Each structure stands twice: as structure tokens, then as C-alpha cells.
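Each residue of the sequence shown is one higher than the one before, starting from 1103 at the first, in the working numbering. Below is one structure, written out as C-alpha cells, with a few remarks after it.
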Amino acid sequence: MKFEKEVGFVGIGKMGYPMAAQLASSGVSLTVFDMDLDRTIKFVGECNAKSAASLSELAEAVDVVITMLPDGEIVKQAVLGAGKTDCLLDGLIPGKILIDSSTSSPLQTQFLAKKLKKLKINMLDAPVAGGVVFASNGSLDITVGGAEDIIEFCMPIFDIIGKSVIHCGDIGSGHAMKILNNFINANSLISFIEALTIGKRIGLDLDQMINSMKLATTGRNNPLEKKVISQILSRKFNSGMAMELLSKDIRILSEVADHLGCTAPLISQCNNLWDIAKTEIGNLEDQTNIAKYWEEKNSAKLEL
């Protein structure tokens, strides 16, 4: 079903560009804004879309605003502004909808939604998973938090950019589920890497270890199949997500756990390990490069 309302997209970066392109190619009337003017010009030239000169201009022109920005602090600034800074709130009026598809802290999301609710502006958190390849073909996984009627209204948008949409609960729950999933993936990935490097030092055959791990783990195992085998053993190191982004998600979860007073030693340790490895390897390097940290420390290269 075609979405008949006007949509604005803020942040046409690595993930935002293909997501916005999917909307435009599906016939959605789209207006974009990005701080990178050259990127904006390129997008408008390639896709059937308009551009806005400011955040407030974009918000005035559309019914639904989607943000796809690096983190929750930047989302907060884009929405609320800082002093005289241009912001979305200058153009948002009662009844309009803000969808944050960034990976933000659920605590920040709840804070922002509360402020918008007082102004009768609706908000959903709808972070995505799957990376650039899945963004480019409209098959992302989306975890959504917010009111059911607003989600239902926005379903034509979600159906264009994603293959699965899970309503996780109230506002903030989509972001909460995303960082929980990313923690599980991050922790599983380094568990496999640590086990494999130690196994090599013991003298085990790498190929046989992989075959054994495939049988030992129940169900499909994303970190083993899509990261260890596909990206690390092949030495491609191109999963599509930077070290700093995954590390940021684990840090957010650690902060949320602390805020709630939860016992979370695994999250804390995982957060520390990713932070150390990221510093040594490089923020912008692909997440699968974390294998090099263990390879160096354990003197065992993971290559078939």
C-alpha cells in the first residue's frame, strides 16, 4: 500500500541513503536534509526527491519525519536544537510524527518523546538491523516502540524499508531491543574468536573447529555464519558496521543497566573489551576486525 503523506528524511549517510532511496523509488513523496550538501545534491539527482535548506523547513513541509543519525544526542539536538540552532521542533506541529531510526539510548528516547507528547507530536523509535546491503534492497529488520495506532499508520513506510517489523512495546522499547540484540551479537562474536584462537594454539584444525561449532550451536548462528566464516576466515573484514558503532551500542546498554541497577557483568566486560579493541584497531574499521585483537594477543591467525 502506497503511503500518501509527505515524508521527511534527516541523515542520508551510509544507512540513511539507501533507506531514503527505497522510499523514493516506491513512490513516497520525500524531502531530505543532510549536513553534507554534496551528498544531498547527489541524492536529489539520483532519486525522485526534494531537499530542504534547514531542519525547520523540512519539518514544516512533511507529515512524518524520519531521523537516521549517529546517536541519540545528535537526534536530540536535531529535534530540540540548542539555543538558536535550527531544529525540527520549529516546524513540527500537533499531529505530526517523528520516527527515530537511529540507534539511540532508550532513556534519551523516552525523554524526547515525553517533551514531544506535551506538544501533541507523536514519536516512534524504530531502529533497524541488517546493514547497508539489506537497506539497499528493503529487507531490514525493524524493532518498533510506541503507540499501536501510530505504528499502524506508519506501516506502509516500514514495509518499504524492512522485511520484518516487531512491535516491542512502549516508546523506547525498540531502541532497547536493538541494543540487547547487538550485545548478544557482539558477545557471541568475540566468544567464537577467543575460542578459535585458543583452539589453534592447542593444535586443533581450524576447519574442523568451525564444523564442530556449526553442529554444537543450536539453530542459525549469525555471528558464526555471517561474521566469522564469511568475513574473518575469508579476510574480507567487510560486514558493513564500524567498530565504533557496535561499541557505542554496548556502551549504551551498559549505561541503561547501571541506571536500572541491574547486575550485568557480561555487558560490563563486553563493553570494556570492545572499547579496548576499538582503540587499538581503529574506530572506523569494520567490526569483524576485532578478530585481529585476539589474533595478535594469542599469536593465532584465523584464516582458512
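C-beta atoms are modelled at their ideal positions from N, C-alpha and C, and glycine is treated no differently. Only a predicted model underlies this, so the values are computations on that prediction, with no experimental measurement involved.
- Taking 8 angstroms as the cut-off, the beta carbon of L1298 is found closer than this to the beta carbon of L1308.
- Shown here for G1174: same chain residues with a beta carbon closer than 6 angstroms to its own, the five before and five after excluded, namely S1206, S1207, Q1210 in chain order.
- I1286 has its alpha-carbon roughly 35 angstroms from the corresponding atom of C1189.
- Ranking G1247, T1169, A1155 by CA distance to the CA of C1270 puts G1247 first.
- A buried status is given to D1136, since no fewer than 16 other beta-carbon atoms sit within 10 Å of its beta-carbon.
- I1268 sits close to T1245, with the two beta carbons spaced by under 8 angstroms.
- In the structure shown, T1187 falls within a coil segment according to DSSP collapsed to helix, strand and coil.
- Comparing alpha carbon positions, the residue from N1313, L1335, E1296, S1336 closest to A1379 is E1296.
- Within the same chain, and ignoring the five residues on either side of G1274 in sequence, the residues whose Cβ sits closer than 8 angstroms to its Cβ are P1208, L1209, T1211, Q1212, A1215, D1227, G1247.
- By the C-beta criterion, the segment 1104-1114 is judged to be in contact with the segment 1126-1134, since at least 3 inter-stretch pairs fall below 8 angstroms.
- Per DSSP, M1343 lies in no beta strand (DSSP E) and is assigned neither H nor E.
- For I1199, the three-state secondary structure derived from DSSP is strand.
- Minimum Cα-Cα distance from K1144 among the listed residues E1159, A1122, V1164 corresponds to A1122.
- Take the alpha-carbon of A1161 and the one of T1169: they are about 11 angstroms apart.
- For A1237 and F1255, the gap between their C-alpha atoms comes out near 21 angstroms.
- Remark: C-beta atoms of C1149 and A1163 do not approach each other more closely than 8 angstroms.
- Within its own chain, the residues whose Cβ lies closer than 8 angstroms to the Cβ of I1300, once the five positions on either side in sequence are excluded, are N1400, A1402, listed in chain order.
- Shown here, V1166 sits in a strand according to DSSP, grouped into three states.
- A Cβ-Cβ contact shorter than 8 angstroms links L1355 with L1282.
- Cβ neighbours of N1373 within its own chain (closer than 7 angstroms, five residues either side excluded): I1352, R1353, S1356.
- Annotation for A1288: L1348, I1352, C1372, W1376 place their beta carbon closer than 7 angstroms to its own, counting only its chain and skipping 5 residues before and after.
- In the DSSP assignment, no residue is bridged to G1305.
- Membership of K1107 in any alpha helix (DSSP H) is not indicated, and neither H nor E is assigned to it by DSSP.
- Between N1391 and M1345, the C-beta spacing is below 8 angstroms.
- If you draw a straight line from the Cα of K1220 to the Cα of I1252, it comes to about 16 angstroms.
- Look at the segment 1357-1401 and you find these whole runs of alpha helix (DSSP H), each 4 residues long or longer: 1367-1383, 1393-1400.
- By the criterion of a C-beta distance shorter than 6 angstroms, F1105 is surrounded in its chain by V1130, P1258, I1259, once the five residues flanking it on both sides are discounted.
- Of the candidates A1278, I1369, L1404, L1404 places its Cα closest to the Cα of L1326.
- When only Cα atoms are considered, K1302 and N1284 end up about 27 angstroms apart.
- The shortest CA-to-CA distance from H1277 to any of N1323, K1350, G1305, K1265 is the one to K1350.
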